[in-house]
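Data block below; observations after.
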Amino acid sequence: MLKSLSRLPIVLWALAALPLTPLMPKAIAQTPLLQQDYLDTVDGKPWGAPSWPYNTVVGIEMFGGGMVGRAVLDRDGQVEPIDGYFIKNPLGQIKPVSTVVITAWSSKTDGCYMDMLVQYAPSPSLGEISLDTALPYLVPRDVQIAVGYQQVLTLVPQKLEGRSWIAGPYRYEYYHTGQKQNYRALWYMARSVYTVKPEQAAMLSSAKPGNVRARITFTKGSAYQYDIGEGTVTRWKEVFNYNPSCRPGGAGKPAIPVVGTASGSTPSGSSNRPAPSLQGVEVNAYPSNADFNTFDRTLRTILAKKEPGTGVRLTPATRKARQAYRNQWQKENPPIARFLGAWYTGERAFYVYPSAQRGRACVVAESGGVQDFYVGTALNKEMRYGGTAGFYWVDQEHILAARDRGGAALYPIYAMQNIPTLTPQVLEAMEKAKCNTTLP
Numbered sequence: 015m016l017k018s019l020s021r022l023p024i025v026l027w028a029l030a031a032l033p034l035t036p037l038m039p040k041a042i043a044q045t046p047l048l049q050q051d052y053l054d055t056v057d058g059k060p061w062g063a064p065s066w067p068y069n070t071v072v073g074i075e076m077f078g079g080g081m082v083g084r085a086v087l088d089r090d091g092q093v094e095p096i097d098g099y100f101i102k103n104p105l106g107q108i109k110p111v112s113t114v115v116i117t118a119w120s121s122k123t124d125g126c127y128m129d130m131l132v133q134y135a136p137s138p139s140l141g142e143i144s145l146d147t148a149l150p151y152l153v154p155r156d157v158q159i160a161v162g163y164q165q166v167l168t169l170v171p172q173k174l175e176g177r178s179w180i181a182g183p184y185r186y187e188y189y190h191t192g193q194k195q196n197y198r199a200l201w202y203m204a205r206s207v208y209t210v211k212p213e214q215a216a217m218l219s220s221a222k223p224g225n226v227r228a229r230i231t232f233t234k235g236s237a238y239q240y241d242i243g244e245g246t247v248t249r250w251k252e253v254f255n256y257n258p259s260c261r262p263g264g265a266g267k268p269a270i271p272v273v274g275t276a277s278g279s280t281p282s283g284s285s286n287r288p289a290p291s292l293q294g295v296e297v298n299a300y301p302s303n304a305d306f307n308t309f310d311r312t313l314r315t316i317l318a319k320k321e322p323g324t325g326v327r328l329t330p331a332t333r334k335a336r337q338a339y340r341n342q343w344q345k346e347n348p349p350i351a352r353f354l355g356a357w358y359t360g361e362r363a364f365y366v367y368p369s370a371q372r373g374r375a376c377v378v379a380e381s382g383g384v385q386d387f388y389v390g391t392a393l394n395k396e397m398r399y400g401g402t403a404g405f406y407w408v409d410q411e412h413i414l415a416a417r418d419r420g421g422a423a424l425y426p427i428y429a430m431q432n433i434p435t436l437t438p439q440v441l442e443a444m445e446k447a448k449c450n451t452t453l454p
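Shown next, in the form of structure tokens:
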């Protein structure tokens, strides 16, 4: 087995599947173009992909001309020392026990993607290992990206058919300094493709400037942490803005659908908080510890004063029914189970319905007799919906923290027993989103 690689830290991202084409007169000023066809192969890619533009936004050009997307490319590499020496530039000359991971983050007319190419030169002491032996060290099982506090995206590679996604072995020569002798060795590479969902693209686009911590896990089970460079992070927003919906034909369209304008029931009480808006507001960063501490103090004051429009509204029987409903979905879709049910704050109500898709829920926000529909996504202790609003776990039974836009103060929402009459528009949107339409 490749014992030497199991100790190797991996810290590189970029795309080796896109050769730079000459600048075309029709291209956007100062924007290099890359041929889309080269996304579909690993053949003929040199070690380290030295000729491609990194840390800059590039246009993706289709065959025959015309830009169909944008991408940002990034790369890095690591090696283990051999013969007592460290290799200073693993991206240039191939050396034993070195790895290059090359990726592109792209937004195109047909969706959003991350393409990864892994190049690996195993230790010659292992002999000329076969491709099947090298494969578990080339193909990722998943990639995780920590875009904020307790905010981790997980990307899983698409299932690709055929060997066109794997290449090698390729022979190269290196000089053994201790033995003062030239040796011939092998290296391999493999490509994997990841679909980026609209909510994931929104989270990447809202990442703060600076390096972002990430982790790659290969099929053999070893996990390595590394940094995605600031040059890539700061350009995610521009790249994914090309097609923020990440859907076919969605270039220039909003990422999350909103449906509304019909009357329905709403609980009594009072609140001056406006309904969430999608216009010109970035996705929330995860609340800090200071935010949650402030929320805890505010909640204690509210509960002590028993202010109107506050407090959990569940009878013993409805508590039991709500918990049974959550337990059922904890098995089928655990990320969303904690958020399911009817919630309220003042005159505003939120109805969170389960989805058959893991980590996804449907949110119906109701205020002033108007219902708005959002697709929500849950990760760890947070559920986001509409690109601007979020619900968060707190250490209170049947109470969540919420906020309407990035940076806004957290406020409590409380569990209640209420079954709304959903509008035809909302029901249609929920059916398209494959959401269950029943609540406890």
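For the sequence shown, the numbering used here assigns the number 15 to the initial residue and increments by one for each residue that follows. Just so you know, even glycine gets a beta-carbon here, dropped at the ideal spot from N, CA and C. These figures come from a predicted structure and were not determined experimentally.
Cα-Cα separation between residue i and residue j, rounded to whole angstroms
i: Leu424; j: Ala363; result: 16 Å
i: Met76; j: Glu445; result: 35 Å
i: Asp90; j: Gly62; result: 9 Å
i: Ser302; j: Ala429; result: 24 Å
i: Arg84; j: Asp124; result: 12 Å
i: Tyr9; j: Asp51; result: For the chain, the structure presents residues 15 to 454; residue 9 sits outside this window and is missing.
i: Val93; j: Glu252; result: 32 Å
i: Trp343; j: Cys126; result: 29 Å
i: Pro64; j: Thr147; result: 27 Å
i: Phe353; j: Trp407; result: 8 Å
i: Tyr186; j: Gln107; result: 10 Å
i: Ser220; j: Pro138; result: 44 Å
i: Phe309; j: Pro212; result: 29 Å
i: Phe306; j: His190; result: 57 Å
i: Pro322; j: Asp409; result: 22 Å
i: Glu411; j: Lys109; result: 57 Å
i: Val389; j: Tyr188; result: 54 Å
Beta-carbon contacts of residue i that lie in its chain and below 6 Å, excluding the five residues immediately before and after
i: Thr324; result: Ile316
i: Tyr365; result: Ala356, Val378 and Pro434
i: Tyr300; result: Gly162, Tyr163, Gln164 and Gln165
i: Cys449; result: Tyr367, Ser369 and Cys376
i: Pro426; result: Leu313 and Ile413
i: Arg327; result: Met430
i: Lys320; result: none
Contacting residues, own chain, Cβ-Cβ under 8 Å from residue i (five flanking each side not counted)
i: Gly373; result: Asn347, Pro349, Ile350, Thr391, Ala392 and Leu393
i: Gly235; result: Arg155
i: Leu145; result: Ile180, Gly182, Pro183 and Tyr202
i: Glu396; result: Gln164, Gln165, Tyr300, Gly404, Phe405, Tyr406 and Trp407
i: Gln172; result: Ser206, Val207, Tyr208 and Thr209
Under the three-state DSSP convention, the category residue i falls into
i: Ala63; result: coil
i: Ala320; result: The residue asked about is misnamed: residue 320 is Lys in this sequence, not Ala. Coil.
i: Leu436; result: coil
i: Asn196; result: strand
i: Pro330; result: helix
i: Glu442; result: helix
i: Gln49; result: strand
i: Asp241; result: strand
i: Ala423; result: coil
i: Asp129; result: strand
i: Ile143; result: coil
i: Gln158; result: strand
i: Thr308; result: helix
i: Val111; result: coil
i: Lys345; result: helix
i: Glu361; result: coil
i: Ser219; result: helix
i: Val408; result: coil
i: Lys251; result: helix
i: Arg314; result: helix
i: Gln164; result: coil
i: Gln385; result: strand
Whole-number beta carbon distance between residue j and residue i, since they are thought to touch under 8 Å
i: Leu169; j: Val157; result: 5 Å
i: Val132; j: Met203; result: 6 Å
i: Val71; j: Val86; result: 6 Å
i: Ser121; j: Phe232; result: About 27 Å; that fails the 8 Å criterion.
i: Pro223; j: Thr248; result: 5 Å
i: Ile116; j: Met130; result: 7 Å
i: Thr437; j: Gln371; result: Not a contact, Cβ separation roughly 23 Å.
i: Ala228; j: Ile180; result: The Cβ separation is near 23 Å, so there is no contact.
i: Leu47; j: Gly78; result: About 13 Å; that fails the 8 Å criterion.
Cut-off 7 Å between Cβ atoms - residues of its own chain near residue i, not counting five sequence neighbours on either side
i: Leu453; result: Gly355, Ala356, Tyr365, Tyr367 and Ile433
i: Pro153; result: Going by the sequence as given, residue 153 is Val instead of Pro. Cβ within range, chain order: Ala204, Ser206, Phe232 and Thr233.
i: Gln214; result: Leu167
Proximity test, Cβ basis, 8 Å: residue i and chain C
i: Val253; result: The structure shown has no chain C; it contains just one protein chain.
Residue i Cβ short of 7 Å to the ligand GDP heavy atom set
i: Thr452; result: This structure lacks the ligand GDP; in fact it carries no ligand of any kind.
Exercise for the section: Could you say if the segment 192–210 and the segment 372–391 meet the contact criterion of at least three C-beta pairs nearer than 8 Å? Expected result: no
Practice task
Mind the definition here: the segment 225–240 touches the segment 257–264 only if three or more C-beta pairs lie below 8 Å; say whether that holds.
Solution key: no
Practice task
Would you be able to state if there are at least three C-beta pairs under 8 Å between the segment 397–409 and the segment 326–334?
Solution key: Flag = no, the segment 326–334 and the segment 397–409 do not touch.
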